[in-house]
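Undergrad: Here it is: the structure, laid out below.
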Amino acid sequence: AFKGATDQKENDGRAAAAAAAPAPSTAEQQGDGKKGGSTWFSRAASKVERGVSKVSAAASTLSERTASLLDFHSGAADIVVVKHHTPSGTVYQSTSFYVHAARDNKSTLRGPETVEVFVNSDRTPSLHMIVGEGHNCTFQDGGLVPSSDVLGAMGLVEGRNELRFSLSSAPNSHFTAALWLLPPEELLVVCDIDGTLTRSDIFGYGAHKLGYDSAHKGVAEAFGAIRSAGYLVVYLSARPITRADKTRELLKVVGTHGADANGVSCSMPDGPLITTAERSLPALVR
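Convert by adding 307 to the 1-based position in the sequence shown; the result is the number in the working numbering.
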């Protein structure tokens, strides 16, 4: 259609010129036809080039804004360990160690991949993990929960402990989580994130990375009061394990842009983050 309209316009122009000039020879007519075709091709190529340039620029901008939402990461959910005092001695119980090794690291391996676990900067051989099917990690016995004896020998302190995971193929890179040692009488408030702390399930998923504030107004002040009342907040989310670190970043920035009635900046209280063990796409579908 574009070619036909262009040719028609050029033909009309030539017809008007022909009415006021002697008829051209056969050679001249052939030359004009070649010139018109060359002009159309040049214009069309120029427009295509400009279009490709615009699409490329738009794709580059979109890629920069969405790369952090779609890429793959290593990740780990936080761990909660409860210390029980019984007549027969001290017993430790924990939630599952959900640990996921990054796909890009695993894909370059030619042999088995392992993960070293550090607790408060100390290497803990008893927590040595193996990267298995789906890039999820398990302990050497195939389980996800250490025994009470292993947990008791880790030298945990009450409250928050730092966990660091290091891949054998990339020992200088690592990802982190937290392990919370709690007494059985600890008071807890369990809170969802998307659609609860944030105004929308989907929009809250990555809005803060695009520069938007998706949290409910006053949520940091409300949960600050809950923490002041003696309750530990546990964040329970269906977000993928590969986004655990990004979710922790979100919790750190919620409320930090504002202040309470006394002008004091508020933020979400620290607490365990428990995510799904799934990767991004399965978690989003669910």
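Each residue gets a CB set at the ideal place from its N, CA and C atoms; glycine is no exception.
With a threshold of 6 angstroms on Cβ separation, who are the neighbours of A584 within its own chain once the five nearest residues in sequence on each side are excluded?
TA: Correct list, in chain order: Y405 and I548.
Undergrad: For K553, tell me which candidate among V541, S473, T483 and G562 has the shortest Cα-Cα distance.
TA: The residue with the shortest Cα to Cα distance from K553 is T483.
Undergrad: Looking at L539 and L494, is the spacing between their C-beta atoms short of 8 angstroms?
TA: Yes, they are a contact pair.
Undergrad: Who are C444's beta bridge partners in DSSP?
TA: The partner list for C444 (beta bridge, DSSP) reads V438.
Undergrad: Spatial neighbours of C498 within its chain, please: C-beta separation below 8 angstroms, excluding the five flanking residues on both sides.
TA: These residues qualify, in order along the chain: L504, F530, V540, V541, Y542 and L543.
Undergrad: What do you reckon, are the CB atoms on A408 and T582 nearer than 8 angstroms?
TA: Their beta carbons are not under 8 angstroms apart, which means A408 does not touch T582 by this criterion.
Undergrad: Let me know if G525 comes out buried or exposed under the rule of 16 or more other beta-carbons within 10 Å of its beta-carbon.
TA: Per the 10 Å Cβ criterion, exposed.
Undergrad: Among residues of its own chain, excluding the 5 on either side of P576, which ones have a beta-carbon nearer than 7 angstroms to its beta-carbon?
TA: Same-chain partners within the cutoff: F530, G531, R534 and V540.
Undergrad: Less than 8 angstroms between the beta carbons of P579 and V388, yes or no?
TA: No, these two residues do not count as a Cβ contact at 8 angstroms.
Undergrad: Hey, how far is the Cα of C573 from the Cα of A352?
TA: Each residue's alpha carbon lies about 57 angstroms from the other.
Undergrad: Quick check on the burial criterion: 16 or more other C-beta atoms within 10 angstroms. Buried or exposed for E420?
TA: That one is buried.
Undergrad: Kindly list the residues whose CB is nearer than 6 angstroms to the CB of P491, restricted to its own chain and excluding five residues on each side of it in sequence; keep chain order.
TA: Closer than 6 angstroms at the Cβ level, and outside the excluded window around P491, lie V389 and H391.
Undergrad: P432 by DSSP, collapsed to three states: which one?
TA: Residue state, collapsed to three classes: helix.
Undergrad: Evaluate P478 with the Cβ neighbour count: other Cβ atoms within 10 Å of its Cβ, from every protein chain shown; 16 or more gives buried, anything less gives exposed.
TA: By the neighbour-count rule (16 or more Cβ atoms within 10 Å), P478 is not buried but exposed.
Undergrad: With DSSP collapsed to three states, give me the class of S401.
TA: Strand.
Undergrad: Go ahead and pull the three-state DSSP assignment for L383.
TA: Per the sequence shown, residue 383 should be read as Ala rather than Leu. Three-state DSSP puts A383 in a strand.
Undergrad: By the DSSP assignment, the alpha helix (DSSP H) with T554 in it spans what residues?
TA: Here the alpha helix (DSSP H) through T554 covers A551 to V560.
Undergrad: From F425 to I500, what does the alpha carbon distance come to, in whole angstroms?
TA: So the two alpha carbons sit approximately 28 angstroms from each other.
Undergrad: To which residues of the same chain is G518 closer than 7 angstroms at the C-beta, ignoring the five residues directly before and after it?
TA: Because the pLDDT of G518 is 47, which lies under 50, any placement of that residue in the model is unreliable, and the number read from its coordinates should be weighed accordingly. No residues qualify anywhere along the chain.
Undergrad: With 16 other CB atoms within 10 Å as the buried threshold, where does G450 fall?
TA: G450 should be labelled exposed.
Undergrad: Taking C-beta to C-beta, are A527 and G562 nearer than 8 angstroms?
TA: Going by C-beta atoms, A527 is nearer than 8 angstroms to G562.
Undergrad: What separation, rounded to the nearest whole angstrom, lies between the Cα atoms of R555 and R357?
TA: Near 42 angstroms, if we compare the C-alpha coordinates of R357 and R555.
Undergrad: Apart from the five residues just before and just after T402, which ones in its own chain have a Cβ nearer than 6 angstroms to its Cβ?
TA: Excluding residues within five positions, the ones whose Cβ falls inside 6 angstroms are I386 and V387.
Undergrad: How many whole angstroms separate the CB atoms of S638 and V398, which I take to be in contact at a CB cut-off of 8 angstroms?
TA: This structure cannot speak to residue 638, because the chain is shown only from 308 to 593.
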